[in-house]
Each structure stands twice: as C-alpha cells, then as structure tokens.
Amino acid sequence: MAMKNAVEVVIGGKVYKISGYESSEYLHQIAVYINDKMTEFQNMDSYRKQTMDQKQLMLNMNLADEFFKAKRQADKLSAELEKKERELYSVRHDLIEARLALENLQKEQKEKEQARRQEHQRQQKQARQNQNGGQNTNQNANAGNGAAGNTNAGNGNTNGANQAQK
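In this text, residue positions in the sequence shown follow my numbering: the first is 1156, and each later residue adds one.
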C-alpha cells in the first residue's frame, strides 16, 4: 500500500498541515490552485463585500462547478474514446477480412494461372505428338508409295520386257 505524505501548505495566508496518498508535489499544486482561486475572487468588488461564510460558499460553489464541468468533459471524452475504439476494432476486423479475401483471390489466381500453364503445356505436347505422328504417317505412306512405285516400275519393266520379247 502507498505511504501517506504529509506536507505543510499555505492557503489564504495560513499554514496548514495536510496529508494524503498523492505526492507532495501534487498536494502543493492543490494549495496553489486554491490560493489562485481565492486571489481571483478577492479582485472582484462583489466578493470583497460578502461575509466570510458567503465568500467560502462562493469559492466552494465555483470549485464544485469547475469539478463538474471537468468531469462532464472527461466523461464526454471517455465516451468518444470508447466509440473510436469500437470503430477501430471494426476497421481492424474489416481489414482482416479484406486481407483474407485478398489472400483467397491471390490463391485462386495462382491456381488458375497454374491450370492455364498446364493446359498450355498439354496442348503443346499434344500438338507435337500430332505433328510427329503426322510425319510418321507421311513417312510410312511415302515409304509405302516408294515400294509400290518400285514394284510398279518393276512391273512396268517386266511388262516392257515381256512386250519386247514378243
């Protein structure tokens, strides 16, 4: 538990010994603030004409007024902060969703690109096979035609020889 601090302060020209769990500097700041407020009121003609009880009441009322205004402002700022935190949470959530969607789209794009490349490679391989298969068929056909041509030529020669013999 924090230690209690005891300090002597001057308020309204009188020395007071006060204690609290706040720092000595803070307790002195409070005394200075009260002295400043008293000096502010003492500079007003209407304040100087009041009885001591009325002066004390006026000072207390003004300090309470400042407190409640400061508290209202702090509450307002706290509510705004909470609202901003909710908005930030929502934006972060949206950002995470957007990143996930982007990653999914990139993954799909890569998969489609890979599928296109594979299809292109398959088509090129098929075209080469068709081209090579067509050359083999042409070579076989040419080889067959050449043999038949030789046979025909042979037949023609044979026929020519037969005719010459007759």
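The C-beta atom is built at its ideal place from N, Cα and C for all residues, glycine as well.
Span of the beta strand (DSSP E) around residue i
{"i": "A1161", "result": "1160-1166"}
Sheet register partners of residue i (DSSP bridge)
{"i": "K1192", "result": "Note: K1192 sits in no beta bridge, so no partner."}
{"i": "G1175", "result": "N1160"}
{"i": "K1169", "result": "I1166"}
Collapsed DSSP secondary structure at residue i in the structure displayed
{"i": "M1216", "result": "helix"}
{"i": "K1204", "result": "coil"}
{"i": "N1198", "result": "coil"}
Any chain D beta carbon closer than 9 Å to residue i
{"i": "E1240", "result": "Absent here is chain D; the protein component of the structure consists of one chain."}
Span separating the alpha-carbon of residue i from that of residue j
{"i": "K1231", "j": "Y1244", "result": "20 Å"}
{"i": "L1236", "j": "M1207", "result": "43 Å"}
{"i": "A1219", "j": "I1185", "result": "14 Å"}
{"i": "E1263", "j": "K1239", "result": "35 Å"}
{"i": "Y1171", "j": "F1222", "result": "23 Å"}
{"i": "K1267", "j": "L1257", "result": "15 Å"}
{"i": "A1157", "j": "Q1205", "result": "42 Å"}
{"i": "Q1279", "j": "N1259", "result": "30 Å"}
Tell me whether the segment 1156-1168 and the segment 1184-1192 touch, counting them as touching only if at least three CB pairs, one residue from each stretch, are closer than 8 Å. yes
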